[in-house]
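In our numbering, the protein residues as written are 1488 to 1727.
Note that the Cβ used here is the ideal one computed from N, Cα and C, for glycine as well.
None of the values given here were measured: they were computed from a predicted structure.
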């Protein structure tokens, strides 16, 4: 699962956007997926919330159902999604990241007994109903918990940082959010974040929370090498 919002096409490095980092790490001939292309059924889903003034489409997804030897279709999907972004990106377009709806759409593509999602995203999540609110972390967690209840394990890779989640005394709110998703994806306990406690209403909480925190690993990435290392570690765990 790969976010296709405007943030993915920003350039944290002088010569690379998050998008190009992920494409190189995942879909290149020497990328993380290549050694597993014939051993695992690999699919992809790209997602975005697209708004032009009063008109909104959400979630807009482009997907490939899981299949073996999927490297070439993955490269094609990256290229077509980049072209779609470039054709839509202008001052009147707003592109956000509806993580909850995308999780549900991706989980619906999976069949069989061993079902795994790898979520690669950056920044604070959005929903189809709301954008630019930190309270969207709750429905994102709920969607991952629902997927877990349906037998889907979600692995998490977060790109860059999101300083907007540094609230309530938490100096790494983005890391806290990623850990929440990872724990939800592994069926482990999730504790409310200081950011949610600081800015959101308990009455609106839909996810299931505990007083303890699970120990599932969330990956952080700042470069193509980081993304490749994270995806490789996840795939090695899935298919030793």
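Along the chain, where does the beta strand (DSSP E) containing residue i start, and where does it finish?
i: residue 1546; result: 1542-1554
i: residue 1580; result: 1580-1583
i: residue 1608; result: 1602-1609
For the alpha helix (DSSP H) holding residue i, just list the boundary residues, first then last.
i: residue 1530; result: Careful: residue 1530 lies outside any alpha helix (DSSP H), inside the beta strand (DSSP E) at 1529-1539.
i: residue 1589; result: 1586-1594
i: residue 1508; result: 1505-1514
In three-state DSSP terms, what is residue i?
i: residue 1655; result: coil
i: residue 1488; result: coil
i: residue 1597; result: coil
i: residue 1576; result: coil
i: residue 1500; result: strand
i: residue 1612; result: coil
i: residue 1493; result: helix
i: residue 1562; result: helix
i: residue 1650; result: helix
i: residue 1524; result: coil
i: residue 1569; result: helix
Which whole-angstrom value describes the C-beta separation of residue i and residue j, a residue pair presumed to lie in contact below a C-beta threshold of 8 Å?
i: residue 1703; j: residue 1673; result: 4 Å
i: residue 1644; j: residue 1706; result: 5 Å
i: residue 1511; j: residue 1711; result: 5 Å
i: residue 1596; j: residue 1550; result: 6 Å
i: residue 1509; j: residue 1677; result: At roughly 26 Å, the Cβ-Cβ gap does not stay under 8 Å, so residue 1509 and residue 1677 are not in contact.
i: residue 1539; j: residue 1584; result: About 17 Å; that fails the 8 Å criterion.
i: residue 1536; j: residue 1618; result: 6 Å
i: residue 1594; j: residue 1548; result: Between residue 1548 and residue 1594 the Cβ distance is about 12 Å, and since that is not below 8 Å, they are no contact.
i: residue 1687; j: residue 1648; result: That belief does not hold up - the Cβ atoms of residue 1687 and residue 1648 are roughly 20 Å apart, past 8 Å.
i: residue 1698; j: residue 1655; result: With 8 Å as the limit, residue 1698 and residue 1655 do not qualify as a contact, their Cβ atoms being about 16 Å apart.
Using the beta-carbon count (16 or more within 10 Å), is residue i buried or exposed?
i: residue 1636; result: exposed
i: residue 1588; result: buried
i: residue 1490; result: buried
i: residue 1599; result: exposed
i: residue 1610; result: buried
i: residue 1554; result: exposed
i: residue 1726; result: exposed
i: residue 1542; result: exposed
i: residue 1641; result: buried
i: residue 1613; result: buried
i: residue 1601; result: exposed
i: residue 1693; result: exposed
i: residue 1574; result: exposed
i: residue 1650; result: exposed
i: residue 1679; result: buried
i: residue 1552; result: exposed
If we cut at 8 Å on Cβ distances, does residue i have a partner in chain B?
i: residue 1693; result: No chain B is present in this structure, which holds just one protein chain.
**Asked** Which runs of the beta strand (DSSP E) fall wholly inside the region 1614-1647 and span at least 3 residues, in chain order?
**Response** 1639-1646
**Item:** Continuous alpha helix (DSSP H) assignments of at least 4 residues falling wholly in the region 1659-1726
**Value:** 1660-1672, 1681-1686 and 1711-1725
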